[in-house]
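> Residue numbers (the numbering used here), protein chains in the order written: chain A, 20 to 269; chain B, 49 to 530.
Here a beta-carbon is modelled for each residue, glycine too, at the ideal position from N, C-alpha and C.
Got a structure for you, written out below as C-alpha cells; questions coming shortly.
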Amino acid sequence: MLSINNLHVNVDGKEILKGLNLEIGRGEVHAIMGPNGSGKSTLSYVLAGREGYEVTAGEILFEGRNLLDMSPEERAWAGIFLAMQYPVELPGVNNMNFLRESLNAIRKARGEEELDAVAFMKLVREKAATVELDDKLLKRSVNAGFSGGEKKRNEILQMAMLEPKLAILDETDSGLDIDALRIVAEGVNLLRSPERSIIMITHYQRLLDYIEPDFVHVLADGRIIRSGGKELALALEEKGYAWVLEEDAA
Amino acid sequence: MKAQQDEVNDLVKAGYEHGFVSNVASDTLPPGLDEDTIRFISAKKNEPEWMLDYRLKAYHHWLEMEEPDWAHLRYDPIDFQAISYFSAPKKASDGPQSLDEVDPELLATYEKLGIPLEEQKALAGVAVDAVFDSVSVATTFRQQLADVGVIFCSISEAVHEHPELVREHLGSVVPHTDNYFAALNAAVFSDGTFVYIPEGVSCPMELSTYFRINEAKTGQFERTLIVADKGSFVSYLEGCTAPMRDENQLHAAVVELIAMEDAKIKYSTVQNWYPGDENGVGGIYNFVTKRGDCRGDRSHISWTQVETGSAITWKYPSCILRGDDSVGEFYSVAVTRGHQQADTGTKMYHMGKNTHSTIVSKGISAAHGQNAYRGLVRMGIKAENARNHTQCDSLLIGDQCGAHTFPYIEVRNPSAKVEHEATTSKISEDQLFYCRQRGLKEEDAVSMIVNGFCKEVFNELPMEFAVEARKLLNITLEGAVG
C-alpha cells in the first residue's frame with residue numbers, strides 16, 4: 020500500500036535522505052530503527068507532507084496515488100496519520116471539539132455522514148477508556164498542560180478515532196515510564212488490523228517488546244541499510260548499530 | 049514558512065465587506081471649524097442656550113489644548129480645518145415620524161449591513177437606534193421600552209425631551225476638559241444615543257446602536273450617555289462600519305456610563321470601521337473616550353469590545369470604581385492587519401472599598417499590524433481590599449507585525465492586590481501542521497486557533513453578538529490561505 024522509491028530529501032539545503040527504499044504491505048507493522056541524525060523523523064514528516072522538506076528525487080506511492088502531490092490535509096483524508104514525537108499544544112481549543120472537527124473533516128472527505136453529538140460522545144468515551152485517558156483531559160485545551168504521557172495517549176486516542184490506513188508512530192515511546200509505555204502499546208495493539216499498516220520509528224528495542232513488528236529496518240545516513248524480522252531488533256539491542264554500519268560499509 | 053507568508057499576504061488583501069457608499073442627498077456643512085460651525089450645529093438642532101454654552105466652553109478649552117502624542121501610533125497630523133463637522137441626510141421635516149418617512153436607500157443601506165431596522169424583522173429582543181452620519185434616523189421599540197419607563201432615544205431628542213437628565217449627567221464622567229478628543233467631541237458632537245433605565249428596572253431587551261459614516265470627509269462625533277438608576281440592568285451593543293474611502297476619516301466619540309447603587313451596565317462593541325487598503329491608504333482614525341462611573345455601592349460596569357477595523361484605534365474604555373464593592377470589567381479582542389495600528393486598553397480607578405476589577409485583553413497582529421495594550425490600574429488611598437486581575441495576551445501571525453504592552457500600576461493602599469499576567473505567542477507552523485495532519489484545512493485551523501485564543505472574551509458577549517463576532521473574525525481571516 021505504501022511504496023517509497025529512491026527518495027532523496029533536502030532540509031535547509033542539506034541532503035538528509037539519500038535514496039531510501041521501503042515497501043509496506045497492507046496490515047503490516049514495520050519498525051524503523053537507527054542512530055540519531057539518520058533521518059528517521061525526516062521520513063515521518065515527508066510522509067505526512069510537512070513543509071520545509073524538499074524532495075529532490077524519487078517517489079512515494081500510497082495506494083497507487085502520488086503522495087508528493089497531496090497537501091497534508093489531503094493525506095490525512097486519504098488515511099495517513101502521524102502520531103508526533105512532540106504533540107503540539109493548542110491553547111483555547113477544546114480537545115473534544117478538536118477531535119470532532121478532525122473526525123468530521125475526515126469522514127466528509129471519505130463521503131461519510133458527520134457524526135452527531137450523541138454518537139460522537141459515545142465513541143470518544145469508549146476510545147478514551149482504551150488508553151486510560153481521563154475524561155477531564157477531553158474537556159481541556161488540546162495538549163495544553165498535559166504531561167508527556169498524557170500527550171502520547173491523546174495521540175493514540177486521535178488515532179483510534181480517525182481509524183487511519185497507515186499510522187506512523189514517531190518515537191511514541193520517548194519520555195514514557197514503563198506503565199505509560201504499556202498503556203500506549205496496548206492502545207496501539209488494539210488498533211492492529213489486517214486493514215491497517217503501522218510504521219514505528221524508535222530508538223529502542225523496548226517498545227518492540229510490547230508491539231511486535233513484522234519487519235525491522237535499520238536507517239542510517241539517509242538509507243535503509245538492513246532489513247529483517249524481530250530478531251534484528253534484538254541483535255541491535257545487544258550489539259548496538261556499529262556492526263551493521265561496518266558491514267554496510269564493507 | 050511559505051504558507052505563513054501567503055496567509056499573511058491574503059489577510060492583508062481580504063476585502064472590506066461594508067465598503068459601499070449610499071447615494072443619499074445630504075445636508076453637509078463645508079469643512080472647517082470655528083465658533084460659527086458650532087453655532088450652526090446647535091441651531092440646526094434647535095438646541096437650548098445651555099447646550100450651546102456647553103459646546104462653546106468646550107471649544108474654547110480645546111483651542112488651548114495640544115493633540116496627545118504619547119500613544120504607540122504613527123500618522124500624519126490631522127488637519128481639523130479640513131473636516132466637515134455636520135452631515136445629515138436631507139429630509140422634508142426635522143425628523144422622520146415613522147419608518148415610512150425614511151429614505152428607502154437609507155433603509156437599503158441598513159439592509160446591507162444586516163441591521164433589522166423594520167420592527168417586524170428586528171432580531172428578537174433587539175431595539176436599534178440607527179445613527180446615519182450625524183442624525184438618528186429611526187428608533188425602534190420605543191413604545192415597548194417606554195412601557196417600563198426606559199428612555200432610549202437620540203441624544204438630540206433627549207436634550208429637548210429630558211433636559212434635566214441630560215444637564216445633570218452630560219460631561220459628568222468625561223468632562224469637556226478631559227482630553228483633546230473629548231473636548232473636540234463636546235464642542236461639535238452631532239448626535240448619539242441616550243439611555244435611561246429607571247430604578248429597579250431590568251431592561252427587557254438588548255439595546256443596540258449602529259453607527260455609520262457615509263459622507264466623504266465627514267468626521268463623526270457621536271455622544272452616548274447611559275444612566276442606570278438604582279438596582280437596574282441594561283445590556284447595550286454598538287456596532288460600527290464605514291464605506292471605503294481613500295482619505296482618512298476622523299471618528300472621535302465620547303461614551304459615558306453611570307451606574308447607581310446595585311445597577312449593572314454591560315456595554316459591548318463590535319467595531320469594524322474601514323481599516324484602509326493593503327498599502328495603508330485611507331481608513332478611519334478612531335479616537336474614542338469611553339468611561340463608566342460605578343457611582344453607587346455594589347454597582348457593576350462591564351466593557352466588552354471586539355475591534356477589527358479602523359486604520360488607527362486610540363481607545364481605553366475605563367471604569368471609575370467609586371462605590372464600595374463595585375465591579376469593573378474589561379474584555380477586549382483587538383485585531384490589526386494590513387497597516388492597522390491599535391493602541392487600546394483600559395483604566396481601572398479603584399476608589400471604594402472592596403472594589404474588584406478584571407481585565408482580559410487579547411491582541412492579534414498580522415501582516416504589518418501594530419497592536420499595543422495600554423492599561424492603568426490605580427488603587428486609591430481608600431480602596432481597602434481592592435483587587436485587580438489583569439491578563440494580557442498577544443498573538444502574532446507572520447513576522448512583520450508587532451505586539452506591545454504598557455501596563456501602569458499605581459497602588460496607594462497596602463491592602464490592595466494587583467495581579468498582572470502577560471503572554472505573547474505566535475500561530476506556529478507546528479500548530480498549523482498539526483491541525484492539517486488531523487484533516488483540517490489551513491484556514492479552518494487558523495480560525496480555530498484564533499477563536500480559541502479569543503474564547504474568554506467572546507464568552508462575555510451576548511449570544512447573538514458572539515456569533516456575529518466569530519463570523520466577523522472568520523471573514524477577517526477568510527482567504528487567509530493561498
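Could you round the C-beta distance between B/Y364 and B/R422 to whole angstroms and report it? I think they count as a contact, below 8 Å.
B/Y364 to B/R422, Cβ: 7 Å. Contact.
> In chain order, which continuous runs of the beta strand (DSSP E) of length 3 or greater are located wholly inside the region 445 to 499 of chain B?
Qualifying beta strand (DSSP E) stretches, in chain order: 450 to 459 and 465 to 474.
> For B/G500, would you say it is in contact with chain A, using Cβ-to-Cβ distances shorter than 7 Å as the test?
So yes, B/G500 belongs to the interface.
> Is A/E92 close to chain B, meaning its C-beta is less than 7 Å from at least one C-beta of that chain?
Cβ-Cβ to chain B under 7 Å: yes for A/E92.
> Within the same chain, show all residues whose beta-carbon is closer than 7 Å to that of A/F117, passing over the 5 residues directly before and after it, in chain order.
Once the five neighbours on either side are set aside, the close Cβ partners of A/F117 are L109 and V161.
> So A/A252 packs on A/A97, CB below 8 Å; how close in whole Å?
Not quite, the Cβ-Cβ distance comes to about 29 Å (not below 8 Å), so this is no contact.
> Using a 10 Å radius around the Cβ and a threshold of 16 neighbouring Cβ atoms, would you call A/I197 buried or exposed?
Exposed: under 16 other Cβ atoms inside 10 Å.
> Identify whether A/M20 lies in helix, strand or coil by the three-state DSSP scheme.
The answer is coil: DSSP assigns A/M20 none of H, G, I, E or B.
> Do B/Q388 and B/E323 have their beta-carbon atoms positioned less than 7 Å apart in this structure?
Rather than Glu, the amino acid found at residue 323 of chain B in this sequence is Pro. Contact: yes.
> Which chain A residues are close to B/M503, counting only those with a beta carbon under 8 Å from its beta carbon?
One detail in the question is off: residue 503 of chain B reads as Lys in this sequence, not Met. Per Cβ cutoff of 8 Å: G111.
> Would you verify that the beta carbon of A/R69 is, or is not, closer than 7 Å to some beta carbon of chain B?
Answer yes: the Cβ-Cβ gap between A/R69 and chain B drops below 7 Å somewhere.
> At what residues does the alpha helix (DSSP H) containing A/L264 begin and finish?
Start and end: A261 to A268.
> Taking A/T191 as the reference, which of A/D153, A/L66 and A/S60 has the closest Cα?
It is A/S60 whose Cα lies nearest to the Cα of A/T191.
> So what's B/D441 in DSSP terms, helix, strand or just coil?
Residue state, collapsed to three classes: strand.
> Identify whether A/M115 lies in helix, strand or coil by the three-state DSSP scheme.
Helix.
> Taking B/I360 as part of the beta strand (DSSP E), name the residues at either end of that continuous run.
Unbroken beta strand (DSSP E) run through B/I360: I360 to K363.
> When we look at the beta-carbon of B/E270 and count the other beta-carbons within 10 Å, is it buried (16 or more) or exposed?
Buried.
> Run through chain D and tell me which residues come within less than 7 Å of A/I125, C-beta to C-beta.
Chain labels in this structure do not include chain D; the protein chains are A and B.
> What are the residues that DSSP puts in a beta bridge with A/K37?
Beta-bridge pairing links A/K37 to A/H27.
> Do you know how far the Cα of A/V48 is from the Cα of B/E504?
B/E504 and A/V48: Cα-Cα distance of roughly 44 Å.
> Per DSSP, what kind of secondary structure is B/C502 in: helix, strand or coil?
Looking at B/C502 - three-state DSSP - the assignment turns out to be helix.
> Per DSSP, B/I429 forms a beta bridge with which residues?
DSSP lists no partner for B/I429.
> Output yes or no for whether 7 Å exceeds the beta carbon distance between B/R103 and B/A235.
Yes.
> List the residues of chain A that B/Y482 touches, going by C-beta distances under 8 Å, in chain order.
Here the neighbours are M103, P106, V107 and L109.
> Please classify B/Y456 as buried or exposed, where buried requires at least 16 other C-beta atoms within 10 Å of its C-beta.
Counting Cβ neighbours within 10 Å, B/Y456 comes out exposed, since fewer than 16 surround it.
> Please list, in chain order, the residues of the region 129 to 160 of chain A that have any C-beta partner in chain B closer than 9 Å.
Cβ contacts with chain B come from S160.
> I need the DSSP call for B/D391, collapsed to helix, strand or coil.
Strand.
> Check whether the Cβ of B/M427 lies closer than 7 Å to any Cβ atom in chain A.
For B/M427, the answer is no, since every Cβ of chain A falls outside 7 Å of its Cβ.
> Would you kindly work out how many angstroms separate the C-alpha atoms of B/S495 and A/K141, rounded to a whole number?
So the two alpha carbons sit approximately 27 Å from each other.
> Interface residues of chain A around B/Q479 at Cβ under 7 Å?
Those within 7 Å of B/Q479 in chain A are V107 and L109.
> Does the Cβ-Cβ distance between B/M399 and B/G428 come in under 7 Å?
Yes, these two residues count as a Cβ contact at 7 Å.
> What did DSSP end up calling B/H416 once you bin it into helix, strand or coil?
Three-state result, B/H416: coil.
> On the DSSP bridge list, what partners appear for B/K314?
DSSP lists B/S283 and B/S350 as partners of B/K314.
> In the structure shown, what three-state DSSP assignment does B/N227 receive?
Three-state result, B/N227: coil.
> With distance defined between alpha-carbon atoms, name the residue in B/L111, B/A390 and B/E491 nearest to B/N233.
Nearest of B/L111, B/A390 and B/E491 to B/N233, Cα basis: B/L111.
> Please check the pair A/V143 and A/M115, which I expect to be a contact at CB under 8 Å, by giving their CB distance rounded to whole angstroms.
Correct: roughly 7 Å between the Cβ atoms.
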